[in-house]
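Okay, so here's the structure we're looking at.
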Amino acid sequence: MSIFNYKERPGYFSRLKEALKSTTEDISRKIDVVMGTSESPITEAQLDDLEAILIGADLGVDTTTGVIEKIREETRGSGFLTSSKVKRMIREELIKILGGDIDWDEENLAKGRPYVVLVVGVNGVGKTTTIGKLAHRYNKQGKKVIIAASDTFRAAAVEQLEIWSQRTSTEIVRQAQGTDPAAVLFDSIAAAKARGKDVLIADTAGRLHTKANLMQELDKMRRIAGREVPGAPHEVFLIIDATTGQNGLIQARQFLNISGVTGLIITKLDGTAKGGIVVAIAKELKIPIRYVGVGEKKEDLMRFSAEAFVDGLFAETTRV
Ligand SMILES: Nc1nc2c(ncn2[C@@H]2O[C@H](COP(=O)(O)OP(=O)(O)OP(=O)(O)O)[C@@H](O)[C@H]2O)c(=O)[nH]1
Ligand SMILES: [Mg+2]
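In this note's numbering, the protein residues as written are 6 to 325.
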């Protein structure tokens, strides 16, 4: 088992830092402005401003309140706090909340034969795109991947996955629009077994006629998977769009109980200045974050590292 260590991967940190640039500029620069360079004791007004910055970056009320309390306690004694000390304290708190880096070995993905991965989430969050990226990632690791077009609700959904299949040279199982998604999954599992695939990644619909329908459908897919492959689905990845902030969190909660989510993927981190939502999500949902999406290309998916994420938030930025 290898513990994921971002410091050992060249280029990893600079890519993450780039994706977090807007958030970093937002938090880090504003803290500098509030704290200034003076060495005078921190005031209530400064604490209020710090609170507003953290709330503004979507870190969530609980996290923010905790961090501000910590700073207040710290200043009760000496009373002197510099900007860099404040950042260091926030950094420590955030890593604590994110739970450090978790040991999760992607090598297991080859052990299910096929290892069945369901990708779920509300419409538009980036499910299909993320499947393309996952397929690319696992292909590159030498795994044999097959993808299932089980979002049969929209005609365009199958076409979109087909494009990702071509872009990543990954086999796809598809059927006509309107086919029962569980039937597509069933066929995909049969194909995966027959062709000795390691990993099967299934797309799902983000929206149906009603939410009850959608949850029933996901439940049926889970049952079919479990019947055909012992222990399947091995992963259910819930996709959350970072740009939707607290709203995304509320939507995500609805998926949790029914679809048996095992891991989270936060997309569009590159498109928001409120990357703090990642911390709110981790604190609230208590499900490990496995990957983050940092763009629209097949390479734009990264393993999540709590330490790298927090380091990225407080990385040096070029001041304008
Ligand atoms: N910038 C950025 N855009 C992304 C990322 N992930 C997905 N997108 C874009 O988000 C949009 C929606 O992505 P889809 O993959 O179609 O989302 P979906 O969840 O499959 O949507 P439905 O099938 O309609 O439920 C597309 O324009 C993607 O290119 C990301 O990490 N960064
Ligand atoms: Mg889709």
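Even glycine gets a Cβ: it sits at the ideal position worked out from N, Cα and C.
ask   = If you draw a straight line from the C-alpha of R227 to the C-alpha of G268, how long is it?
value = For this step, residue 227 is matched to residue 222 along the sequence shown. For this step, residue 268 is matched to residue 263 along the sequence shown. When the Cα atoms are used, R227 and G268 turn out to be separated by approximately 15 Å.
query = Is the segment 72-80 touching the segment 31-42, taking contact as three or more C-beta pairs under 8 Å?
reply = No, because fewer than three Cβ pairs between the segment 72-80 and the segment 31-42 fall closer than 8 Å, the two stretches do not touch.
message = What would DSSP say about V315, mapped onto helix, strand or coil?
response = Locating residue 315 in the sequence shown gives position 310, counting from the first residue. In the three-state DSSP reduction, V315 falls in the helix class (H, G or I).
query = Cβ-heavy atom distance between V127 and ligand 1 below 8 Å?
reply = Position 122 of the sequence shown, counting from 1, holds the residue named residue 127. Indeed, a heavy atom of ligand 1 lies less than 8 Å from the Cβ.
request  = Run the proximity test for G137: is its beta-carbon closer than 8 Å to any non-hydrogen atom belonging to ligand 2?
outcome  = Residue 137 sits at position 132 when you count from the first residue of the sequence shown. False, no ligand heavy atom lies under 8 Å from that Cβ.
query = Hey, would you say A230 sits closer than 9 Å to L274, going by beta carbons?
reply = Locating residue 230 in the sequence shown gives position 225, counting from the first residue. Locating residue 274 in the sequence shown gives position 269, counting from the first residue. Not a contact, by the Cβ cut-off of 9 Å.
task = Would you check if the distance between the CB atom of T28 and the CB atom of T277 is smaller than 9 Å?
result = Here residue 28 refers to the residue found at position 23 when the sequence shown is read from its first residue. Here residue 277 refers to the residue found at position 272 when the sequence shown is read from its first residue. Yes, Cβ-Cβ distance for T28 and T277 is below 9 Å.
query = Is it right to say G236 is buried, meaning 16 or more other beta carbons lie within 10 angstroms of its own, or is it exposed?
reply = As a first step, residue 236 must be located in the sequence shown, where it is residue number 231. Answer is exposed; the Cβ neighbour count stays below 16.
ask   = What number of angstroms, rounded off, separates the C-alpha of Q221 from the C-alpha of F85?
value = Here residue 221 corresponds to residue number 216 of the sequence shown, with the count starting at 1. Here residue 85 corresponds to residue number 80 of the sequence shown, with the count starting at 1. Taken atom to atom, the span from the alpha-carbon of Q221 to that of F85 is near 57 Å.
query = Who are the near neighbours of I282 in its chain, counting only those whose CB is closer than 6 Å to its CB and skipping five residues on each side?
reply = For the purposes of this step, residue 282 is taken as residue 277 along the sequence shown, with counting starting at 1. Result list for I282: D63, A247, G250, in chain order.
ask   = Among S45, R77, G41, which has the Cα closest to the Cα of E56?
value = Reading the sequence shown from its first residue, position 51 is the one you call residue 56. Nearest option by C-alpha distance: R77.
ask   = In whole angstroms, what separates the C-alpha of R200 from that of L25?
value = Numbered from its first residue, the sequence shown carries residue 200 at position 195. Numbered from its first residue, the sequence shown carries residue 25 at position 20. Taken atom to atom, the span from the alpha-carbon of R200 to that of L25 is near 40 Å.
message = Assuming contact is defined by CB atoms lying nearer than 9 Å, are V122 and P238 in contact in what I supplied?
response = Counted from its first residue, the sequence shown places residue 122 at position 117. Counted from its first residue, the sequence shown places residue 238 at position 233. Yes, these two residues count as a Cβ contact at 9 Å.
ask   = For D316, is the beta carbon positioned less than 8 Å from some heavy atom of ligand 2?
value = Sequence index remark: in the sequence shown, residue 316 carries index 311 (1-based). No; taking the cut-off as 8 Å, the Cβ of D316 has no heavy atom of ligand 2 nearer than that.
query = Looking at the unbroken alpha helix (DSSP H) that takes in T55, where does it start and where does it end?
reply = Here residue 55 refers to the residue found at position 50 of the sequence shown. Here the sequence assigns Leu to residue 55, which means Thr is not the residue at that position. Where L55 is concerned, the enclosing alpha helix (DSSP H) stretches over 49-61.
request  = Could you tell me if G104 is buried or exposed, where buried requires 16 or more neighbouring beta carbons within 10 angstroms of its beta carbon?
outcome  = Working through the sequence shown from its first residue, we reach residue 104 at position 99. Flag for G104 reads exposed.
request  = Taking V315 as the reference, give the member of I95, I206, G65, V124 with the closest Cα.
outcome  = Here residue 315 refers to the residue found at position 310 of the sequence shown. For V315, the nearest C-alpha among the options comes from I95.
query = Applying the criterion that 16 or more other CB atoms from any shown protein chain within 10 Å of the CB defines a buried residue, is E327 buried or exposed?
reply = Residue 327 is absent from the structure shown; the chain starts at 6 and stops at 325.
request  = Determine which residues share a DSSP beta bridge with Y296 and list them.
outcome  = Translated into the one-based positions of the sequence shown, residue 296 becomes position 291. Its beta-bridge partners are I270, R308.
key: Alpha-carbon to alpha-carbon, R93 and S19   = Taking the sequence shown and counting its residues from 1, the one referred to as residue 19 is at position 14. Taking the sequence shown and counting its residues from 1, the one referred to as residue 93 is at position 88. A straight-line Cα-Cα distance of about 20 Å links S19 and R93.
query = DSSP three-state call for F18: helix, strand or coil?
reply = Here residue 18 refers to the residue found at position 13 when the sequence shown is read from its first residue. In the three-state scheme derived from DSSP, where H, G and I count as helix and E and B as strand, F18 is classed as helix.
task = Could you tell me if K138 is buried or exposed, where buried requires 16 or more neighbouring beta carbons within 10 angstroms of its beta carbon?
result = Translated into the one-based positions of the sequence shown, residue 138 becomes position 133. Answer is buried; the Cβ neighbour count reaches 16.
request  = Express the C-alpha separation of E312 and V325 in angstroms, rounding to a whole number.
outcome  = Mapped onto the sequence shown, residue 325 falls at position 320. Mapped onto the sequence shown, residue 312 falls at position 307. Confidence in V325 is poor, its pLDDT being 37 and thus under 50, which makes the residue's placement unreliable; the coordinate value appears in the next sentence. Between V325 and E312, the C-alpha separation is close to 26 Å.
inquiry  = Distance check for R172 and I244, CA to CA, integer angstroms please.
reply    = Translated into the one-based positions of the sequence shown, residue 244 becomes position 239. Translated into the one-based positions of the sequence shown, residue 172 becomes position 167. Spanning the two alpha carbons is a distance of roughly 21 Å.
query = Using 8 Å as the threshold, is the segment 136-156 in touch with the segment 284-292, meaning 3 or more CB pairs across them?
reply = Between the segment 136-156 and the segment 284-292 there are fewer than three inter-stretch CB-CB distances shorter than 8 Å, so the stretches are not counted as touching.
query = Which value, in whole angstroms, describes the spacing of the CA atoms of G131 and I194?
reply = Looking up residue 131 in the sequence shown gives position 126. Looking up residue 194 in the sequence shown gives position 189. If I take the Cα positions, the gap works out to 23 Å.
query = How many Å lie between S1 and D54 at the Cα?
reply = Beyond the ends of the chain as shown, which are 6 and 325, falls residue 1; an answer cannot be given.
ask   = If you count every other CB in all the chains shown that lies within 10 Å of the CB of E164, and 16 or more means buried, which is it?
value = Working through the sequence shown from its first residue, we reach residue 164 at position 159. By the 10 Å Cβ count, E164 comes out exposed.
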